[in-house]
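Notes follow the structure.
There are 2 protein chains.
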Amino acid sequence: MPAVVPALIAEAPGAALTRGTIERRDLGPHDVLVDIAFSGICHSDIHQVRVEWGSGIFPMVPGHEIAGVVAAVGAEVTRFAVGDRAGVGVYVDSCRECENCRAGNSQYCLKGNVSTYNALDYSGEPTYGGYSTQIVVDENYVLRIPQALPLDVAAPLLCAGITTYSPLKHWNVGPGTRVAIVGMGGLGHLAVKLAHALGAEVTVLSHSLAKKDDGLRFGADHYYATSDPDTFRTLANSFDLILNTVSADVDLQALLGLLTLDGALVFVGLPENEQRFNVFWLTAGRRSIAGSNIGSIGETQEMLDFCAEHGIGAEVETIGADEVDAAYDRVVASAVRYRFVIDASTIPAR
Amino acid sequence: MPAVVPALIAEAPGAALTRGTIERRDLGPHDVLVDIAFSGICHSDIHQVRVEWGSGIFPMVPGHEIAGVVAAVGAEVTRFAVGDRAGVGVYVDSCRECENCRAGNSQYCLKGNVSTYNALDYSGEPTYGGYSTQIVVDENYVLRIPQALPLDVAAPLLCAGITTYSPLKHWNVGPGTRVAIVGMGGLGHLAVKLAHALGAEVTVLSHSLAKKDDGLRFGADHYYATSDPDTFRTLANSFDLILNTVSADVDLQALLGLLTLDGALVFVGLPENEQRFNVFWLTAGRRSIAGSNIGSIGETQEMLDFCAEHGIGAEVETIGADEVDAAYDRVVASAVRYRFVIDASTIPAR
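Written as structure tokens, this is what we have:
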């Protein structure tokens, strides 16, 4: 019999998040039941609740930055035991058969992997995310959270962390690499920490210098305001990689001009509008524009272990269930430093 | 005293090409004087004569696909001797000091290399291109044309050949690689030959199937019409690299959907208009859009040697000086199979 568990639910597009209950499936032989401790608020939660990326499935329980502890395991589970610290990220299943899944890149599953929420699983049942007290996930899509990482600062690593770590690794960031991080919000602040820990020379390109002290503290070597036109003159031909973490429209020509020969501008922020470029901006310096989408399960584990080793966690502001709607407004206004996490113990009705 | 040599000259923007004379500089100690045998007509010649890429320097002598024989060498020239077969491509000098020049990538010279025509050299003198009987070029920017390559079919290799060879090599095309070539004109037909000779599985994406027999003869394994919507369904997620050789606007979303994980869409064709993309088209499959600009001098030599080894030349239609304006119209109408070369012996006034 499915378990009935408390959750924060958006009943309809754009609705406020209210307390209620959802059903979690019975534990299958390969399933893990996770008692959720913290769930991060990702900007994409807001886009999906507000149906800004196309249609949504309602009622919706957002949340794909989940950290907690294993409460039960299915009969054939081998990778987890009760009491293990566990994380769940952006997807909870994939086809496991396509070229990309077989190569360990299930984040790019050609059949389409199963998102942690706002999706239907392969049996047609809706998925509900981490704004809840418990979740049931196949062990192959559950991550181990190392002891060195507190669960609250670990939660945002499951999306914001892997979303920035994966392209930094894919584009070979390390000692000698010059990396610019555009935007220092939820994704950007982790990108700075990760790129620094990987050994790169890190520059933050932020609209203003308001967060400069934080940026330098997170490991940035340089911090420039994109509102200052001098920035684009000073930094011309400077970066091997620019990681764009903002979802607002960007000045592509200006950013591309900052790349060295063979440099790449990689989007992990997701502007809704189409972006424009002139091909000459690319042929000058064999530059490229690319996009990267989260990371694989294996790479997510690697990232968590890397963060534990280097003492990297998100900068978090912990909130209760009653504060989520206000938090959404602050996320949209870029007024959070740097990630909200919901304390799952506040979700059950009192 | 500078030499006065015959040339085909556009006296003003958009003017017809008429016979006249230009001055070539005295042979400096590192200069080579080349007797031009053939000069290819590149679409960019037309763009520049017609000032479709911004301003132009007039009078203009186009031509940057030059094949001929060395007629004289400066006192300190070591790499060429009189009688050597020689080629000149898109640029005739570079700063030799910047990061890119020092790394052997003078095609991306940060100071700006000196174009073979429609440019001022570093001393401020205008450069004149290959629609002429002789040219004087620093030996470091002159290529050797192997004996196995006839000069007429070699000439277009100096731009169209290297422009397609360089990205094929840079993106590691070889056995096991699935490559699509968009457009089978001057650049595209060489791209097909080169990609095939490199060992790739080659697909041509052309507007229609009109040139299919030629494409298969040049080495394509498959040939599809982009005017058929089924093409984009059949070939979804199929290519590691798509090389776009057309300068018309493209359907970026459709092309990007044909790329595999980590696939790249590389522009060597240069649309005048801005192109648009949605970031989601890139994050799906970590795809990238890039541009590539000709190739280095070293890589151009490598390409010529590769072509000699594999019996690759351009498919050419040889014309006389009186036919150049008509040829321009046919290039614009895509009615040449596949490259015009001007027989330089027809340039002097009779």
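Read top to bottom, the protein sequences are chains A and B. According to my numbering, the first sequence holds residues 551 to 900 in order. According to my numbering, the second sequence holds residues 551 to 900 in order. Note that beta-carbon positions come from the ideal geometry of N, C-alpha and C, so glycine has one too.
Near residue i, which residues of its chain fall below 7 Å by C-beta distance, leaving aside the five closest residues on each side in sequence?
i	result
S797/A	H593, G819, L820 and P821
L748/B	L718, V723 and G724
H860/B	A747
S842/A	S716, P717, H720, V816 and V818
I685/A	R574, V584, I586, I616 and V638
R629/B	E689
Q851/B	L693 and R694
Using a Cβ-Cβ distance under 8 Å, would residue i count as near chain B?
i	result
G845/A	no
L832/A	yes
P706/A	no
G835/A	yes
A565/A	no
A965/A	Here chain A has residues from 551 to 900 only, and residue 965/A is not among them.
P821/A	yes
L740/A	no
S842/A	yes
V829/A	yes
N787/A	yes
N933/A	Coverage of chain A is limited to positions 551 through 900, which leaves residue 933/A absent and any answer about it impossible.
L791/A	no
L660/A	yes
A814/A	yes
Please go through the same chain and pick out, in chain order, the residues whose beta-carbon is closer than 6 Å to the beta-carbon of residue i, but skip the five residues on each side of it.
i	result
E849/A	S716
A730/B	T753, L755, F789 and I792
N655/B	S846
A883/B	none
Identify the residues that DSSP records as bridge partners of residue i: which are they?
i	result
M610/B	A560/B
N794/A	V732/A and F817/A
I685/B	V584/B
S895/B	DSSP output for S895/B lists no bridge partner at all.
R569/B	L558/B
L553/A	It should be pointed out that residue 553/A corresponds to Ala in this sequence rather than to Leu. Paired residue(s): R574/A.
F789/B	L809/B
F856/B	Paired residue(s): none; F856/B is not in a bridge.
I839/A	L815/A and I839/B
Q825/B	F827/A
In three-state terms, what does DSSP make of residue i?
i	result
V800/B	coil
Q657/A	helix
R908/B	The first residue shown for chain B is 551 and the last is 900, placing residue 908/B beyond what the model contains.
E867/B	strand
V525/B	Because residue 525/B is not part of the residues shown, which for chain B are 551 to 900, the question remains open.
D671/B	coil
V874/A	helix
P676/A	strand
Q697/B	coil
S834/B	Before going further, note that residue 834/B is Ala rather than Ser in the sequence given. In this structure, A834/B counts as coil in the three-state DSSP scheme.
T666/B	coil
I862/B	coil
I930/A	There is simply no residue 930/A to check, as chain A begins at 551 and stops at 900 in what is shown.
L808/A	coil
N690/A	helix
V742/A	helix
P725/A	coil
Using a Cβ-Cβ cut-off of 8 Å, state whether residue i counts as contacting chain A.
i	result
Y641/B	no
G736/B	no
I839/B	yes
F630/B	no
S656/B	no
F817/B	yes
Q825/B	yes
N509/B	With chain B covering 551 to 900 only, the question about residue 509/B has no answer from this structure.
H580/B	no
H593/B	no
N668/B	no
L854/B	no
L808/B	no
Whose C-beta lies closer than 8 Å to the C-beta of residue i among residues of the same chain, with five residues either side of it excluded?
i	result
A710/A	G590, C592, E615, G736, L737, L740, A864 and R889
N823/A	D799
G623/A	Residue identity check: residue 623/A is Val in the sequence provided, not Gly. For V623/A, where only same-chain residues beyond five positions count, the Cβ hits under 8 Å are L577, D581, V582, L583, F630, A631, V632 and E689.
Q598/A	G606, M610, P612, Y667 and N668
Can you list, in chain order, the stretches of the alpha helix (DSSP H) that have 4 or more residues and sit fully within the region 572–651 of chain B? If we require 4 residues or more, the alpha helix (DSSP H) runs fully inside the region 572–651 of chain B come out as 593–599.
At 3 residues or longer, what runs of the beta strand (DSSP E) sit wholly inside the region 748–785 of chain A? Taking only runs of at least 3 residues, the beta strand (DSSP E) segments lying wholly in the region 748–785 of chain A are 751–756 and 772–775.
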